[in-house]
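Position in the sequence shown (first residue = 1) + 665 = our numbering.
In what follows, a single structure is set out as C-alpha cells and then discussed.
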Amino acid sequence: MDAQHWDEMYRNREQVFSGNPNPVLVTEITDLPPGHALDVGCGEGADALWLARRGWQVTAVDISATALQRAAAAATDMQGRVTWARADLSTTPPPPGAFDLVSIHYFPLRRRPGHTTLHRLLDAVAPGGTLLFTTHARADLTRTEDLDPADYYQPDDIAPLLGPTWNVTVAATRPRTTPPPAGTHHTHDTILRAVRLS
Ligand SMILES: C[S@@+](CC[C@H](N)C(=O)[O-])C[C@H]1O[C@@H](n2cnc3c(N)ncnc32)[C@H](O)[C@@H]1O
Numbered sequence: 666m667d668a669q670h671w672d673e674m675y676r677n678r679e680q681v682f683s684g685n686p687n688p689v690l691v692t693e694i695t696d697l698p699p700g701h702a703l704d705v706g707c708g709e710g711a712d713a714l715w716l717a718r719r720g721w722q723v724t725a726v727d728i729s730a731t732a733l734q735r736a737a738a739a740a741t742d743m744q745g746r747v748t749w750a751r752a753d754l755s756t757t758p759p760p761p762g763a764f765d766l767v768s769i770h771y772f773p774l775r776r777r778p779g780h781t782t783l784h785r786l787l788d789a790v791a792p793g794g795t796l797l798f799t800t801h802a803r804a805d806l807t808r809t810e811d812l813d814p815a816d817y818y819q820p821d822d823i824a825p826l827l828g829p830t831w832n833v834t835v836a837a838t839r840p841r842t843t844p845p846p847a848g849t850h851h852t853h854d855t856i857l858r859a860v861r862l863s
C-alpha cells in the first residue's frame, strides 16, 4: 500500500470519507485542552479540521497528494491553523516531542523490525501529551490475497510496548456509532489512549 495505491483510491472516488470527524476522536478529545496535534494519515482532513476548529494547531500528514488537496480545499476557514504535509510516515518520522496529541485513526501502521516506525510516532508525543490510536477491531478484519491484518499493529500490540513512561487510560473495543465505511463490514473499533508521563 504505497503512495500510488492510496492516491488511486482517492482519485477513483469524488469523496471517500463522510467529511465528519471520527466519533472516537470526538468522544476522547473533546475535553482535552487544545495544543499542537499531529493527525497521522489525515485523509480528506475531517479530523484535522475538527481539531483546528476547537483551537488546536494541527499538522496533518498523508502520503496521498489527492487527499491533501481535498483536505486543504475544505479548510479555507482554517488557514494558518492546519499545516497539510505530504510524507510517507514509514520513512519520514515526525519531529520528536513536538505534539500534545498524536491522533492515529485507521492508519495502516505496518510492523517493522525493532518497531522503528511505531517508536518514531510514539516519540512525537510531548511529555504530558496524549496518544490516541484507533483501528478497526481485529475480529472485523479478514485476510485477503493482498493484505494480511497480522502485518499491522493493533492497539493491544502497542500497549505492552509503551513502558513505564506512559499511562494507558483507555484500552477498549467498542461498537461503532456510525455506519461502516462503504464496502466493509466493520462493526467495532479498538482504541488505545495513553498519556506520556515524561
Ligand atoms: C484508512 S485511511 C484513514 C484516513 C483518516 N485518518 C480517517 O480516519 O478518515 C488511511 C490514510 O493513511 C494514509 N497513509 C497510508 N500510508 C501512509 C504512510 N505511510 N504515510 C502517510 N500516510 C499514509 C492514506 O493515504 C490514507 O489517507
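Ideal placement from N, C-alpha and C gives every residue a C-beta, glycine not left out.
Everything numeric in this text was worked out from a predicted model, so none of it was measured.
Residue i - partner residues in DSSP beta bridges
i	result
residue 784	DSSP, once it has assigned bridges, lists no residue as partnering residue 784.
residue 799	770 and 856
residue 681	For residue 681, which the question treats as bridged, DSSP gives no partner whatsoever.
residue 804	DSSP lists no partner for residue 804.
residue 822	Residue 822 pairs with nothing; no bridge assigned.
residue 623	As shown, the chain starts at 666 and ends at 863. That puts residue 623 outside it, with no answer to give.
residue 837	856
residue 775	817
Beta-carbon separation (whole angstroms), residue i vs residue j, contact threshold 8 Å
i	j	result
residue 700	residue 766	7 Å
residue 856	residue 799	5 Å
residue 708	residue 732	5 Å
residue 751	residue 817	So it is not a contact: roughly 22 Å between Cβ atoms.
residue 854	residue 838	7 Å
residue 706	residue 764	Residue 706 to residue 764, Cβ: 14 Å. No contact.
Element boundaries [beta strand (DSSP E), containing residue i]
i	result
residue 695	That residue, residue 695, is in no beta strand (DSSP E); it is neither H nor E in DSSP.
residue 702	701-705
Extent of the continuous alpha helix (DSSP H) run through residue i
i	result
residue 674	668-676
The segment 827-837 contacting the segment 771-785, beta-carbon criterion three pairs below 8 Å: No contact exists between the segment 827-837 and the segment 771-785.
Any chance you could list the alpha helix (DSSP H) runs of at least 4 consecutive residues sitting entirely within the segment 715-763, in chain order? List check, alpha helix (DSSP H) in window: 730-738.
Under 8 Å: do the segment 754-765 and the segment 730-744 share three or more Cβ pairs, one atom per stretch? With a cut-off of 8 Å, the segment 730-744 and the segment 754-765 do not count as touching, because too few Cβ pairs lie within range.
Please confirm if the segment 792-799 is in contact with the segment 687-701, defined as three or more CB-CB distances below 8 Å between the two stretches. Inter-segment contact for the segment 792-799 and the segment 687-701 is present: three or more beta-carbon pairs are separated by less than 8 Å.
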